[in-house]
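Going line by line, the protein sequences match chains A and B.
For the first sequence, counting from 1, position 28 maps to 28 in my numbering; every step adds exactly one.
Just remember that my numbering sits 111 ahead of the position in the second sequence, which is counted from 1.
For each residue, glycine too, the CB sits at the ideal point set by N, CA and C.
Computed from a predicted structure; not experimentally measured.
Let me begin by presenting the structure, written as structure tokens, before commenting on it.
Protein chains: 2
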Amino acid sequence: MKIDSDLMRGVTPSVILNLLKARKMYGYEMIKVVNERTNNVFQWKEGSLYPCLHKLESSKLIQSEWLTAANGKRRKYYSLTSNGLEVLDAKKAELNLFLHSVNTLFENALI
Amino acid sequence: MKIDSDLMRGVTPSVILNLLKARKMYGYEMIKVVNERTNNVFQWKEGSLYPCLHKLESSKLIQSEWLTAANGKRRKYYSLTSNGLEVLDAKKAELNLFLHSVNTLFENALI
DNA sequence: CATAATACATCGACAGGCTAGGCATTACAA
DNA sequence: TTGTAATGCCTAGCCTGTCGATGTATTATG
């Protein structure tokens with residue numbers, strides 16, 4: 001099932017930061033991982049992910065480096081900065097509050 | 112605490128429909144009720160609510176009527192149409208899926 | 001009597017997601 | 001071998017919903 005893209009708005013940066021907390025990843029990989037982990041409830045597209053990555057990098061929340069894999073493939077890997085880690089914690093708290101507020105407005109029928 | 116307005120996007124119509132499932136309400140009232148019930152985590156503004164109400168009405172998901180209260184106040188009350196009730200159920204299922212997917216992406220640390 | 005609150009409405013600015021496109025390389029099947 | 005799909009990066013322009021600002025009118029209150 002595909003979800004209204006307006007719902008996605010705002011969570012994309014948080015999800016990226018959270019992914020990078022675990023390990024370095026490159027953009028295309030994030031798309032595959034997120035879509036697969038959510039069984040395509042999230043359907044990330046390159047047209048929204050890459051601009052978001054660039055914005056996070058220019059805000060110094062993530063940083064990038066070009067790495068070459070064993071098979072010779074060049075990929076742009078992103079990792080979390082210390083600033084990004086702080087922001088992630090804040091965004092997580094915000095998300096938590098949001099989820100519970102939505103649930104409250106629906107008489108706790110959602111969670 | 113105020114939440115990034117991008118998170119709000121998309122849930123506004125669903126919350127409105129859900130409010131109207133319980134009873135008729137007028138716009139200004141919805142703002143007060145939602146902000147209060149969420150302890151201002153949601154901070155609905157007139158500039159986004161009224162256009163949203165108009166759009167829902169033109170889509171035949173809600174309908175309006177001007178009523179005059181005992182104190183003489185004229186208010187535009189909205190109520191759910193049968194079509195709106197169906198859409199509400201669909202949106203609720205969608206929201207549920209979304210909330211759980213977000214939680215999954217955060218290793219179940221949110222809910 | 002003035003100010004705040006109630007109650008409706010609209011406008012332009014802004015921002016993020018989408019589609020659609022481009023480019024280069026690698027994998028694979030016909 | 002050759003063409004198609006997949007990988008992997010990117011950008012441009014459109015669309016849409018939220019915001020702040022503003023407007024109007026009425027009622028409540030100090």
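B:TYR139 sits exposed, since fewer than 16 C-beta atoms from the chains shown fall within 10 Å of its C-beta. DSSP, read as helix, strand or coil, puts B:LEU216 in helix. Interface residue (Cβ-Cβ distance to chain B less than 7 Å): A:ASP4 is classified as such.
Between A:LYS45 and A:ILE31, the alpha-carbon positions lie close to 7 Å from each other. For the pair A:ARG37 and A:GLY47, the Cα-to-Cα distance works out to about 20 Å. Setting aside the 5 residues that flank it on each side, A:TYR77 is surrounded in the same chain by LYS24, MET25, TYR26, SER64, GLU65, TRP66 and LEU67, each with a C-beta closer than 8 Å to its C-beta; the list follows chain order. In the structure shown, A:ILE62 falls within a strand segment according to DSSP collapsed to helix, strand and coil. Residue environment analysis places A:GLY72 among the exposed positions, since fewer than 16 neighbouring C-beta atoms fall within 10 angstroms of its C-beta. Sequence-ordered contacts of the segment 198-210 of chain B with chain A read LYS202, LYS203, ALA204, GLU205, LEU206, ASN207, LEU208, PHE209 and LEU210 [C-beta pairs closer than 9 Å]. Pairwise C-beta distances place the segment 116-123 of chain B in contact with the segment 1-16 of chain A, as three or more of them are shorter than 8 Å.
By the C-beta density criterion, B:PRO124 is buried, having at least 16 other C-beta atoms within 10 angstroms. Using a Cβ distance threshold of 7 Å, A:LEU105 and B:VAL126 count as a contacting pair. By the beta-carbon neighbour count (other beta carbons within 10 angstroms, threshold 16), B:SER169 is exposed. For B:ILE173, no CB of chain A lies under 7 Å from its own CB, so it is not counted at the interface with that chain.
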